[in-house]
Amino acid sequence: MQQSPVPLGPEVARRSAGRPRWWSGMTTDGMTLRHRLVLSPGAGLLLIAALAVTAMIMLPAFGLLAAERLLSVHSEAGSADAIVVLGGDGPRRAYRAASLYRAGVAPQVIIAGDGDCQFIRQMMIDRGVPGAVIQTECRSRNTWENALFSVPMLIQAKVRRAVIVTSWFHSRRALACFRAVAPQVAFASSPVEPEWPSWRLVADPDSGRILLEYVKVAWYMLRYGVDITGFGGADTQGGTS
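Reading the sequence shown from the start, the letters are residues -3 to 237 in the working numbering.
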């Protein structure tokens, strides 16, 4: 049996008056318009997929554009007692540390990290750094162990101020680890400079490592309790970016 249409109240009838004919039937049943606006399951999945793809593109792009500000800490090297070079990206870090030594920043060097510590040492010697002033710590497997194993060497050498050399996007986490392990030592950061401007980092061969660094920063805050957010783009213990 066909049901009679639901009578319209005076207010609804007044508002419906004057509307075009195609509107008729969309408001006589209170559910009709709402039903027409509900996406089909296929369209809903397509929309979700489009939003997910957009997020996957935009978030990494933002991470790369903001990386130099969020991940890098660069201090004025000034005068220090030691240069600490972290392993993992041998040539560029070795060249940076050698240039600091030749500039008279510090009289001794400690290289921390397994894998390429001896390689970095040899590269620095080839760049004019005397082997006698270089010590190596070749056991550490991550940034936290870099600090944990090399700080006793710094303390034994009565180091009061040290300059850390690492990749620019690794410098914030590295500096935070060393400060957490040895708060009595004043650490500065003089990292390898980025080879690409921020807007071109998406083409940088290191872009994957840069994005992974955000994950490592979060993990180190949870795992080791290091205060990575406690200082800005400039080193608060001396120097400016």
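Quick reminder that beta carbons are idealized off the backbone N, C-alpha and C, glycines included.
Nearest-angstrom Cα separation, counted from residue j out to residue i
| i | j | result |
| --- | --- | --- |
| Met217 | Asp223 | 7 Å |
| Asp122 | Arg92 | 13 Å |
| His144 | Ala170 | Per the sequence shown, the amino acid found at residue 144 is Leu instead of His. Distance between the alpha carbons of Leu144 and Ala170: 11 Å. |
| Ala178 | Tyr220 | 14 Å |
| Val100 | Gly124 | Here residue 100 is Gly; the residue named in the question, Val, does not match the sequence. C-alpha separation (whole angstroms): 12 Å. |
| Asn142 | Phe174 | 8 Å |
| Leu61 | Ser203 | 11 Å |
| Val181 | Gly109 | 20 Å |
| Arg65 | Arg156 | 28 Å |
| Pro148 | Gly127 | 20 Å |
| Ala76 | Arg98 | 13 Å |
| Ser146 | Ala176 | 13 Å |
| Ala63 | Asp85 | 18 Å |
| Arg205 | Gly74 | 29 Å |
| Leu150 | Trp215 | 26 Å |
Own chain, CB closer than 8 Å to residue i, minus 5 neighbours either side, in chain order
| i | result |
| --- | --- |
| Pro87 | Met119 |
| Val213 | Leu67, Arg168, Arg169, Ile224 |
| Val161 | Ile79, Val80, Val81, Leu82, Arg89, Arg92, Ala93, Leu96, Ser186, Pro187, Val188 |
Closest residue to residue i among the options (Cα-Cα distance)
| i | options | result |
| --- | --- | --- |
| Ala78 | Ser136, Val177, Ala94 | Ala94 |
| Arg89 | Glu191, Val211, Leu208, Ala172 | Glu191 |
| Ser71 | Ala158, Pro148, Leu208 | Ala158 |
| Arg137 | Phe165, Gly111, His166 | Gly111 |
| Ala153 | Gly74, Ala102, Ser163 | Ala102 |
Same chain only: Cβ atoms within 6 Å of residue i, ignoring 5 sequence neighbours per side
| i | result |
| --- | --- |
| Cys113 | Gly83, Ile107, Thr132, Cys134 |
| Gln104 | Ala78, Val129 |
| Glu209 | Leu67, Phe165 |
| Val69 | Ser167, Arg168, Leu171, Ser185, Asp231 |
Buried/exposed call for residue i, threshold 16 Cβ in 10 Å
| i | result |
| --- | --- |
| Thr225 | exposed |
| Trp140 | buried |
| Val211 | exposed |
| Trp164 | buried |
| Ile116 | buried |
Any chain B beta carbon closer than 8 Å to residue i
| i | result |
| --- | --- |
| Asp77 | Given the protein chain composition of this structure (a single chain), no chain B is represented. |
beta-carbon residue i near the ligand FMN non-hydrogen atom, thresh 7 Å
| i | result |
| --- | --- |
| Arg205 | Questions concerning the ligand FMN fall outside what the structure shown contains, since it holds no ligand whatsoever. |
Proximal residues to residue i (C-beta, below 7 Å), its chain only, five neighbours per side dropped
| i | result |
| --- | --- |
| Ala238 | Here the chain comprises residues numbered -3 to 237, so residue 238 is not present and cannot be evaluated. |
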